[in-house]
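Residue numbers (this note's numbering), protein chains in the order written: chain S, 1 to 248; chain U, 1 to 248. Note that CB positions come from ideal geometry on N, CA and C, so glycine has one too. Report on one structure; see the data block that follows.
Protein chains: 2
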Amino acid sequence: MSGWVVVAGLGPGDEALVTPEVRVALEQATDIVGYIPYVARIPERDGLTLHASDNRVELDRAAHALQMAQDGKRVVVVSSGDPGVFAMASALFEALEAGPAQWRALDIRVLPGITAMLAAAARAGAPLGHDFCAINLSDNLKPWALIEKRLRLAAEADFAMAFYNPRSKSRPEGFARALDVLREACADARPVLFARAVTTPQEELRIVPLTEALPEMADMRTVVIVGSSLTRVIDTPHGPILYTPRSA
Amino acid sequence: MSGWVVVAGLGPGDEALVTPEVRVALEQATDIVGYIPYVARIPERDGLTLHASDNRVELDRAAHALQMAQDGKRVVVVSSGDPGVFAMASALFEALEAGPAQWRALDIRVLPGITAMLAAAARAGAPLGHDFCAINLSDNLKPWALIEKRLRLAAEADFAMAFYNPRSKSRPEGFARALDVLREACADARPVLFARAVTTPQEELRIVPLTEALPEMADMRTVVIVGSSLTRVIDTPHGPILYTPRSA
Chain S
1 MSGWVVVAGL GPGDEALVTP EVRVALEQAT DIVGYIPYVA RIPERDGLTL HASDNRVELD
61 RAAHALQMAQ DGKRVVVVSS GDPGVFAMAS ALFEALEAGP AQWRALDIRV LPGITAMLAA
121 AARAGAPLGH DFCAINLSDN LKPWALIEKR LRLAAEADFA MAFYNPRSKS RPEGFARALD
181 VLREACADAR PVLFARAVTT PQEELRIVPL TEALPEMADM RTVVIVGSSL TRVIDTPHGP
241 ILYTPRSA
Chain U
1 MSGWVVVAGL GPGDEALVTP EVRVALEQAT DIVGYIPYVA RIPERDGLTL HASDNRVELD
61 RAAHALQMAQ DGKRVVVVSS GDPGVFAMAS ALFEALEAGP AQWRALDIRV LPGITAMLAA
121 AARAGAPLGH DFCAINLSDN LKPWALIEKR LRLAAEADFA MAFYNPRSKS RPEGFARALD
181 VLREACADAR PVLFARAVTT PQEELRIVPL TEALPEMADM RTVVIVGSSL TRVIDTPHGP
241 ILYTPRSA
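Written as structure tokens, this is what we have:
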């Protein structure tokens, strides 16, 4: 039996958002590799080995997956959301490029998933309904100056913006600085969505004006969406709807 | 029975990419509203009325959906991809905001789907694996000058870029201008992905250097992804893999 690697997106949390394509790959797998809370979503069964690992060991995990496939295993690397958006797909290809030449002959596929910003946007309305950008606010792997430069240029371009990894215990200050940069660059009270643990029982959504956004409204389970200058809020009896018009 | 409206994403084409959440909504619907080729994906059944309409009537279609929900129907507005990304969700909320006040009490939900750029990225590797932007290149609803400004700023920010609606019969020139702007702003041979009809039997993927990208490589079924300055190509026996490292 020849091995393969699939990098699969499990979506934001709700099992009803896992695509049938990903379900099939999970059923065919002999080994599941991933960050502890994502592997915890996979039911145990005979013939399946679960390999859960901690955060920040993405390259080791990727090399492990590739080596197991080389050894004939059918490996699914699980990501939350979409594996191609600030998740395991890039790490896997970094490991592939740096690894032994024979890995390049492996059967490797990426299966998309519902990424957090699109799930969050859907819950709130359609804040990413026109041109937008997605920025990882973690400065673990890139300098803070580059993040700040991108925030200023994104504001100048009048993109709606989605932020992943806005804030962690090890980086409590970055998001406060990001909000300061945005307030200076945008100079208005455009709406900001804080969407935490979207589609899970812990889901919390909050919409506030940029002028009132506070760093502590976000944690590592939060996606933050900042509107463009034209993003609107419609008040309804069920709560506010946030959307960006198609002409924005 | 009280009515509702769901705006649902059918994904890029492959039925295995339709989420179970969307399937349930389609099973519960009394009426399906959408652009002709998307409605054509919904099987007919007793108790279900299909309302297919042409392109460029998004606001009429949205108002029709809202009015049917007001009349007690269970209406699914179908989009390809994700409804919140250059699709029907924003049009629905534009119609809601402009429409009669009682529409605001309606039960309205947006169900996310796999958007074309993420399906295309997955097929090619992980070109959107770090900070990126998504731009609709159609100037039907916004001035061309704004598109060109965003292209220049996105290049300066060194975002990877995904382009929707790059080229149509009625707008043959815009994409040629976009490529000229990018060649000037980027001044390198970074890779460009042309991904046509992704996940369908007509799927075609092509990766070329920006210096060799031609307008006729895209049509309205194509998503175009331009790498950042750090996007890489790995040559493999199965073809090239395109990815953006996590440090980009």
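- For Asp235 (chain U), the three-state secondary structure derived from DSSP is strand.
- Nearest C-alpha to Arg190 (chain U) among U:Thr244, U:Lys149 and U:Leu106: U:Thr244.
- The criterion of a C-beta distance shorter than 8 Å is satisfied by Val76 (chain S) and Ala8 (chain S).
- Within the stretch 46 to 74 of chain S, contact with chain U at the beta-carbon level (separation under 7 Å) is assigned to no residue.
- Contact of Asp82 (chain U) with chain S is assigned, a C-beta pair being separated by under 8 Å.
- Judged by DSSP in its simplified three-state form, Ser90 (chain S) adopts helix.
- Closest in C-alpha terms to Asp82 (chain U), from the list S:Pro127, S:Leu214, S:Ala145 and S:Trp103, comes S:Pro127.
- Flagged as an interface residue toward chain S: Pro20 (chain U), by a C-beta distance shorter than 8 Å.
- Among the residues of chain U, those whose CB is under 8 Å from the CB of Ser90 (chain S) are Ala126, Gly129, His130, Tyr243, Thr244, Pro245 and Arg246, following chain order.
- At a cut-off of 8 Å between beta carbons, Leu205 (chain U) makes no contact with chain S.
- Uninterrupted alpha helix (DSSP H) stretches at least 4 residues long and entirely within the stretch 4 to 32 of chain S occur at 20 to 28, given in chain order.
- DSSP places Phe194 (chain S) in the uninterrupted beta strand (DSSP E) bounded by Pro191 to Arg196.
- Here Ile135 (chain U) is buried, its C-beta having at least 16 other C-beta atoms within 10 Å.
- Judged by DSSP in its simplified three-state form, Ile207 (chain S) adopts strand.
- Interface annotation, Lys142 (chain S): in contact with chain U, CB-CB separation under 8 Å.
- Of U:Ala154, U:Gly3 and U:Leu106, the smallest CA-CA separation from Leu182 (chain U) is found for U:Ala154.
- The Cβ atoms of Gly125 (chain S) and Ile225 (chain S) do not sit closer than 8 Å to each other.
- With contacts defined as CB atoms closer than 8 Å, Val39 (chain S) and Leu111 (chain S) fail to qualify as a contacting pair.
- Ranked by Cα distance from Ala52 (chain U), the first of U:Ile36, U:Gly72, U:Gly129 and U:Arg23 is U:Ile36.
- Chain U has a Cβ within less than 8 Å of the Cβ of Thr115 (chain S).
- If you compare the alpha carbons of S:Ile32, S:Val57, S:Glu173 and S:Ala87 with that of Met68 (chain S), the shortest gap goes to S:Ile32.
- For Ile32 (chain U), no CB of chain S lies under 8 Å from its own CB, so it is not counted at the interface with that chain.
- For Arg171 (chain U), the three-state secondary structure derived from DSSP is strand.
- The continuous stretches of beta strand (DSSP E) do not include Leu106 (chain S), and DSSP gives it neither H nor E.
- Contact of Arg104 (chain S) with chain U by beta-carbon distance below 9 Å involves Ile234, Asp235, Thr236, Pro237, His238 and Ile241.
- Taking the Cα positions, Pro201 (chain U) is about 19 Å away from Ser79 (chain U).
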